[in-house]
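Worksheet: the structure to be examined is printed underneath.
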Amino acid sequence: MINGKKGLLFMLSIALFASILAACSGGANSPNENASPAAPSGGSEASGSASEDPFAEHMDISISHYNIGQAFPDRKSDGLLKMIEDKFNVTFVDRVVSYSDYVEKYRIWSTSGELPDVISHDIINNSTYYSWIEQGIVRALPSDLGAYPNIRKVMELEDVKGFQVDGKYYMIPRLTYNSNEQKALERALIVRKDWMEALSLPEPVTYEDYANMLAAFAKKDPNGNQKDDTIGLTARTNNMLMAVGSGSFPNVANSSWVKEDGQYIPFYASKRMDEYVTRMRELYTSGAIDPDFAIVQTNEGIEKFGQGRAGAIAMQATPSGLKLLETAWNKYNKNAAFKDSIRIYPISWETDDGSRYSFEMLSFWSETYFSANVSDKKMERIMRIYDYLLSDEYMTTNLYGLEGKDYTKEGDKYTIAREKGEDGNYKKLPELYPSLNLFGSLAAWYKWQEYEQSEIAKINLGEPVYHLVQETLAEFVKLDVIPTNLNVDYLYTEAKTKLSAVNPTEDLIKVILGKDDPVEMWRNIVKGYDNKGLQQAIKEVNEAVQAQGLDQ
Amino acid sequence: MKQRSTVADYFIHAFLMLLAVISISPFYNVIITSFADPAAVNEQSFYLIPTSFDLSSYEMLLKGSYIGYSVMNSLIVTFAGTLVNMLVTTCGAYALSKKGMPGRGVMMSGIIFTMLFSGGLIPFYLTIKNLHMINTYSAMILPVAVSTFFLIVMISQFRTIPRDLEESAKIDGANDIYILFRIVIPIVKPTMAAITLFYTVARWNEWYYAMLFMTETKMYPMQLFLRNMLLDVTKMARDDMGAAMVAQLSQIYPDGLKMASVVLTMTPIMLVYPFLQKHFAAGVTLGAVKE
Amino acid sequence: MKKGGLLRRMVEYKYFYLLVAPMLVYFIVFEYVPLYGLMLAFKEFNFAKGITGSEWIGLANFEEIFRLDDFWVAFRNTVIIAFGRLIFEFPVPIIIAMLLNEVRKARMKKFYQVVYTFPHFLSWVIIGGILINFLGTFGVLNQLLELLGFEKVNLLVDPDSFRALIFGSSLWRDMGWGTIIYLAAIAGINPALYEAASIDGANRLKQILHITWPGIAGTVAVLFILNVGAMMSSGGGGFDQIFNLYNPAVYEKADILDTYVYRRTFAVGESFGTSTAVGLLKSVINFALLYTANRAAKRLGQEGIF
Chain F
-13 MINGKKGLLF
-3 MLSIALFASI
7 LAACSGGANS
17 PNENASPAAP
27 SGGSEASGSA
37 SEDPFAEHMD
47 ISISHYNIGQ
57 AFPDRKSDGL
67 LKMIEDKFNV
77 TFVDRVVSYS
87 DYVEKYRIWS
97 TSGELPDVIS
107 HDIINNSTYY
117 SWIEQGIVRA
127 LPSDLGAYPN
137 IRKVMELEDV
147 KGFQVDGKYY
157 MIPRLTYNSN
167 EQKALERALI
177 VRKDWMEALS
187 LPEPVTYEDY
197 ANMLAAFAKK
207 DPNGNQKDDT
217 IGLTARTNNM
227 LMAVGSGSFP
237 NVANSSWVKE
247 DGQYIPFYAS
257 KRMDEYVTRM
267 RELYTSGAID
277 PDFAIVQTNE
287 GIEKFGQGRA
297 GAIAMQATPS
307 GLKLLETAWN
317 KYNKNAAFKD
327 SIRIYPISWE
337 TDDGSRYSFE
347 MLSFWSETYF
357 SANVSDKKME
367 RIMRIYDYLL
377 SDEYMTTNLY
387 GLEGKDYTKE
397 GDKYTIAREK
407 GEDGNYKKLP
417 ELYPSLNLFG
427 SLAAWYKWQE
437 YEQSEIAKIN
447 LGEPVYHLVQ
457 ETLAEFVKLD
467 VIPTNLNVDY
477 LYTEAKTKLS
487 AVNPTEDLIK
497 VILGKDDPVE
507 MWRNIVKGYD
517 NKGLQQAIKE
527 VNEAVQAQGL
537 DQ
Chain H
149 MKQRSTVADY
159 FIHAFLMLLA
169 VISISPFYNV
179 IITSFADPAA
189 VNEQSFYLIP
199 TSFDLSSYEM
209 LLKGSYIGYS
219 VMNSLIVTFA
229 GTLVNMLVTT
239 CGAYALSKKG
249 MPGRGVMMSG
259 IIFTMLFSGG
269 LIPFYLTIKN
279 LHMINTYSAM
289 ILPVAVSTFF
299 LIVMISQFRT
309 IPRDLEESAK
319 IDGANDIYIL
329 FRIVIPIVKP
339 TMAAITLFYT
349 VARWNEWYYA
359 MLFMTETKMY
369 PMQLFLRNML
379 LDVTKMARDD
389 MGAAMVAQLS
399 QIYPDGLKMA
409 SVVLTMTPIM
419 LVYPFLQKHF
429 AAGVTLGAVK
439 E
Chain W
2 MKKGGLLRRM
12 VEYKYFYLLV
22 APMLVYFIVF
32 EYVPLYGLML
42 AFKEFNFAKG
52 ITGSEWIGLA
62 NFEEIFRLDD
72 FWVAFRNTVI
82 IAFGRLIFEF
92 PVPIIIAMLL
102 NEVRKARMKK
112 FYQVVYTFPH
122 FLSWVIIGGI
132 LINFLGTFGV
142 LNQLLELLGF
152 EKVNLLVDPD
162 SFRALIFGSS
172 LWRDMGWGTI
182 IYLAAIAGIN
192 PALYEAASID
202 GANRLKQILH
212 ITWPGIAGTV
222 AVLFILNVGA
232 MMSSGGGGFD
242 QIFNLYNPAV
252 YEKADILDTY
262 VYRRTFAVGE
272 SFGTSTAVGL
282 LKSVINFALL
292 YTANRAAKRL
302 GQEGIF
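Order-wise, the sequence lines are chains F, H and W.
Note that the working numbering numbers the first sequence so that position 497 is 483, with each residue one more than the last.
Plus 148 on top of the position in the second sequence (first one is 1) and you've got the working numbering.
Plus 1 on top of the position in the third sequence (first one is 1) and you've got the working numbering.
Quick look at the structure:
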C-alpha cells in the first residue's frame, strides 16, 4: 500500500515533469507559429513579371473535399483531370476526408498545423469560423479580385457580403443556387395521388385539409389490403418534418430569427409557437404523423415512402431529391410509374392571411477555406483555378464533358457524343471522369444546372423527374417567400454562438410526444433557454442590428 | 463413475438452449437480408422465408479498387498487431507479477494512472506525427500495443502460479525467460487463448486510429472502409452533394448493405475461432499443483 | 547495507527488467508523454499557440459547464447507468460461465460457447435497427400485443423503459462475450479437486460453491475493480450503444456525459478546454472509485490490482 501511494506520487511528478519538458521544447507543440498570412515562400526565379507565363512554375496543391477519396482512382486515364492539371501546371494532392470523418480530421489537422492548402468545411455559423480567422489558421482572399471576375461575382452576392471579417473575405462560399427562385423547391410535401383518389380527398390547402388527409392515410386503409400498415406523414429528416407545421408559423421551417414587438428574437421564442405546437401535437395524436418519427433515421423516410407504407413525405422536391425518391420508388414498385403516383404540394397549409410559403435559405452551403500556410503566389494560382471553375467555360464542361470527345457544338446547339453503357444509356460523366467527384462540387455545387430547360438536363434527370421539377417550380414560384433577415440569422455575437447549444428540433420532439399541454410545455422549455443565454443573445443581436444598420 | 443426468441438468440445458436461441435468432434475419432483393423484403411483414437472392449489396461493398487493399491491410494489422500485443503484454505481465521486483509498485501505479487519465487526442496525435508514423501500419499497431485491462487480468493469472514450480525449474538451471515461455504459459493457456482472442478481435475491428492516421484510402483497414461507405451513403440528407454521390445513394438498399457488411466482418473471425477454442476448455496440464 | 541489498535484488531480477522494458517504453511514449494535454482543462485553447502556449484560465471551463442544467442531467445519468450495469450486467456472465461448466458433453459446451459470442459482433448501428424492428410501432412486439388484444406500446421513446432497454440490449450483446474470461479461469481449476470433493460426498451445488466459485473469485475481483474504475467513462462501452439507440424523447434519462459533450461540440463548435475538463472530471471520479473498489476487494480477502 505504501508502495502504491509512493508510486502514485512518483508518477504524478513524472507527468508534471513531462509537461514542463513539453512546454520547454516548444517546437513540436506549437505547430502553428508560422501561421501568419503574409509569409511568402516559393521560388524567386519565377517571381513577378506578368508578361511571362503566369503558370510557369509547377505547383502541388493539397485539397480536402467531401469524398475526394473517389476522385483519383486512376489518374492517368482521367482526361478531365489531365486537362485541368496541364492548363494550370499543377498537381492536385488529395488529403482524403469523407462525410463521416471530415469534422474530426479538420479538428486534428488545424491543431497540428497540417491543414491542406484548400479545404471544404461548413462552419460559417460556428465559433470555429471566427477562431480560425482570429488565430490565423486560414488566410484571407486577395483584396483585389479584379483578375478573378467570376469569383468577384460570387463574393458580391447579398447573402455573402455579411461574412466579411475586418473587411476581408476568408472563404469562398460554395454556391448551390444562383437565383432565389430555385430555393423554392427545397421544402415540399410529396403525396400519394392514388391514395388521395382512393379516399376521395381534396387538394390540401387549409390546416384541416392537411390534417384530415394525413390522418386518413394512416387510418383509412388507403392501399385497400385490410391491414393497418400505413402511416400518414414521414420525412427525410426530423427538421423537414417540423416544417410541415410551418403554415402556422413560417419561420419554423428555416429556423430563422423574426422581428416581434420591435425586436429580433429566435423563432422558438415567438408567441406564434403556441399555435404551431398545438397543431403539431394534434397531428401526432390523430395518427397523421408516423408514430415512430422520433426513432426513424435520416433518409429512412425515403425508403418507407418507396415501400408504399407512407402517404406523404416531407423533403426536398429538388431534382436530386426527386431523383432519389424516384429510385427508391422504382426499387419496390415495378408496376406503377413514380410520376403518375404522386403529387407535389407546398409543405404546409395556408396561413390565416391566406399566404402559402416556399423556402428561403442562404444561396450556398459550405465554404472553401485556404490554409494560412499558402503563399501569395500559390493563392494566385488557386484563385485562377477557382475562377475557371466558376466560368461558363467550365460549367459547359461540367455538364457535357470534353469538347470533341463527349459532345460537339454548332452555334447554340449541343450534340452529345458520349460513350454509351451496356444498357444503351449514356454513361454518367463521373464514370468517365472520376475527378468530377472533386471538380463537380469544389468551387460550387452547380445545382442551378439541374434547373435548365435543356436536353442535357432531360438526359441527366430522366424525363419524368425533369418535367416534375419544371411543373412544380412553375407553381412554387407563385408562393410567398418566408420573411427572413439572413443578415440577422448569420450575425456573430458571443452569446448568440453559445446559444447554438439550444436544439429546438429535439425539444419539439419532446413536446410533440408529451402528454401535458403543449403550449405550457413549450413555454417552460423556452424559459429553460434563458439558462443557456437566450436573453443575453437577444440583447446583443439587437444592439448589433442597430449598430450595423441591418434592420429590414 | 459416470453421473446420471438429474432434473437440474435438464433445467440447465433448457436455459442454456434458450440463451443460444436468443443469441442466434437475429442472425438468421441478418444473413437472409444481406442476400435479399428489397422488393421481396417489403412484401412480407417479417422477412422469414427468403424469396429472393440478390448479391447487389455484396457487389456494392466488394467492388472498387480499394476493397482488396483494405482486406490486406486488416490482415496485416491483425496478425502483426496481435503478435505485438501478446508478446509485450505477456512479458510485461509476468515481470509485474513478481512482487519482489524492485520498482514494481511504482510501475504498477504508473500504469494504472494512465488507465484512468488521458491527455486527449491532440497530444496523442502530435506524438504519432512526431514519430513519423502517420500513414504507416505502425500507427495502428504500436499505439495500442498494450491494453491495461488485459494486462491486469494476465498479471492476476500469473500470480496464481505456485512458486515451487518456478523454483524447481530454477534449480534445474532455467533462467526466468525460459521459465516464462516453457513452464508458466502452458499452465495459463486458457487465459492466454482468451486474451489472444480479445486482442485479435480488437485489432480486426479497429477503425478509429486508422481514420485519424491514414491519409490514403489505400491504407484503410476493412472496418474503416466499410464504415465510411455505410455512413457516407446512408446519412446524407442534404441535397448539396456531387452527382456521383446521388448516383451511388440511389443504388443501394440500406438494410441490405448494413447486413452484408456485418457478414463480411464476422466471417474471418469465425474462422479463427476453431483454432483458439481448443485452448479454452483445456484442463490444467499434468503435474501442476494448484491450491 | 540497504543499498547493497537493493542493487543485489535488481541484479537478481535482471531478466524481468528485460521482459518489462518494451512495455515500459510503450507506456512512456504513448501514454505518459501525451499527458501534458490535461493542462488544456485549465486553458483556453488557441490554435496558433498550441496546448502549451494557450492562456491559463483557471477553473473557468469547469464553471462554464457546471452552470448548465443539461450537464448535471448527463452526469446523473452516467452514474445511475453505470451502477445499473454493475448490478444487472456484471454478474450475468459469471453465472452463465458457471452453468456452462456444468454441461457434461464437451461438444454441447463448445457449441454454446461459440454461439453466445455471436451477438458481440453486431455493431450498435445494426442492433439499433434490429431493436426498431422489434419494438417499433409496426414491430414484432406490437403485432403480438395487438393479437392478444392489448394496446400498442412505444418503448423506444419512453424514458421510463429506456434504461431497462439499455441494460437488456447490453446483456444480450455482451453476456456471451463476457463468459470467455470466466470460462478460461474455470479451465484453470485443477480437476482433481472436483474428484476429491465428489468422493467426499459433496453434491454439485456444494462443489460449485466451494470449488468453482473460489477458483474464479480472484478473476471476478479483478474484473470487478476494473469495471468500477471505468464507470464514469460511459459505464463501459456506453457511448456507441447509447448514441445509436437514444433519441430526444429519452435524453433526460439516457443522455450520458460522452453523448452530451458530443452533441454540444457538434452544435456550438470546438471547445477543447471544456471537453478536456469533462474528461478530467471523469478520470478523477474513476480514480476514487477504483481505489475504493480495490480496498474493498482486499478487505474481502482477494488481491487487489495494486
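All residues carry an ideal CB built from backbone N, CA and C; glycine is no exception.
Residue i, buried or exposed, once every other Cβ within 10 Å from all chains shown has been counted against 16
i: G132(F); result: exposed
i: G431(H); result: Residue placement at G431(H) cannot be trusted, given a pLDDT of 41 that sits under 50; what the coordinates show is reported in the next sentence. G431(H) comes out exposed.
i: V126(W); result: buried
i: L419(H); result: exposed
i: H280(H); result: exposed
i: R296(W); result: exposed
i: Y250(F); result: buried
Start and end residues, beta strand (DSSP E) containing residue i
i: Q249(F); result: Q249 to P252
Span of the alpha helix (DSSP H) around residue i
i: A341(H); result: K337 to N353
i: A198(W); result: P192 to I200
i: L175(F); result: Counting along the chain, L175(F) falls outside any alpha helix (DSSP H), though it belongs to the beta strand (DSSP E) covering A174 to R178.
i: D46(F); result: Run containing D46(F): none in the alpha helix (DSSP H); it sits in the beta strand (DSSP E), M45 to S50.
i: T491(F); result: P490 to L499
i: K317(F); result: P305 to Y318
i: H453(F); result: E449 to F462
Rounded straight-line distance, which links the Cα of residue j to that of residue i
i: A239(F); j: F346(H); result: 49 Å
i: A255(W); j: D161(W); result: 10 Å
i: I511(F); j: L41(W); result: 33 Å
i: G51(W); j: S98(F); result: 8 Å
i: A14(F); j: L274(H); result: Confidence at A14(F) is low in this model, with a pLDDT of 41, below 50, so its placement is unreliable and the value that follows should be read with caution. A14(F) and L274(H): Cα-Cα distance of roughly 8 Å.
i: G321(H); j: M370(H); result: 48 Å
i: P120(W); j: F297(H); result: 22 Å
i: W351(F); j: H107(F); result: 9 Å
i: T483(F); j: R138(F); result: 29 Å
i: K501(F); j: A165(W); result: 22 Å
i: S341(F); j: V76(F); result: 53 Å
i: Y393(F); j: E417(F); result: 16 Å
i: I468(F); j: N517(F); result: 29 Å
i: Y242(H); j: L328(H); result: 7 Å
i: K62(F); j: A430(F); result: 25 Å
i: S86(F); j: L379(H); result: 6 Å
i: T284(H); j: M259(F); result: 54 Å
i: E271(W); j: Y115(F); result: 10 Å
i: K299(W); j: I289(H); result: 35 Å
Distance between beta carbons of residue j and residue i, contact taken as under 8 Å
i: D180(F); j: S327(F); result: 5 Å
i: A185(W); j: P338(H); result: 4 Å
i: A250(W); j: K496(F); result: 6 Å
i: A481(F); j: A523(F); result: 4 Å
i: S357(F); j: L185(F); result: Not a contact, Cβ separation roughly 58 Å.
Below-9 Å beta-carbon distance, residue i vs any chain A residue
i: R330(H); result: The structure shown contains no chain A; its protein chains are F, H and W.
Under 7 Å (Cβ pairs) to chain F, residues found in the segment 254 to 273 of chain W: Those would be R265, A268, V269, G270 and E271, in chain order.
Contact list for the segment 131 to 150 of chain W against chain F, Cβ threshold 7 Å: Per Cβ criterion, the list reads I133, G137, T138 and F139.
Chain F contacts made by the segment 207 to 233 of chain H, where a contact means CB separation under 9 Å: For the segment 207 to 233 of chain H, the set of residues with a beta-carbon nearer than 9 Å to any beta-carbon of chain F comprises G212, S213 and Y214, in chain order.
Chain F contacts made by the segment 273 to 304 of chain H, where a contact means CB separation under 7 Å: Within the segment 273 to 304 of chain H, the qualifying residues are Y273, L274, K277 and N278.
Chain H contacts made by the segment 275 to 294 of chain F, where a contact means CB separation under 8 Å: Those residues of the segment 275 to 294 of chain F that come within reach of chain H (Cβ to Cβ, closer than 8 Å) are Q283, T284, N285, E286, E289, Q293 and G294.
Residues of the segment 479 to 505 of chain F with Cβ closer than 9 Å to any Cβ of chain H, in chain order: Residues of the segment 479 to 505 of chain F with a C-beta less than 9 Å from any C-beta of chain H: none at all.
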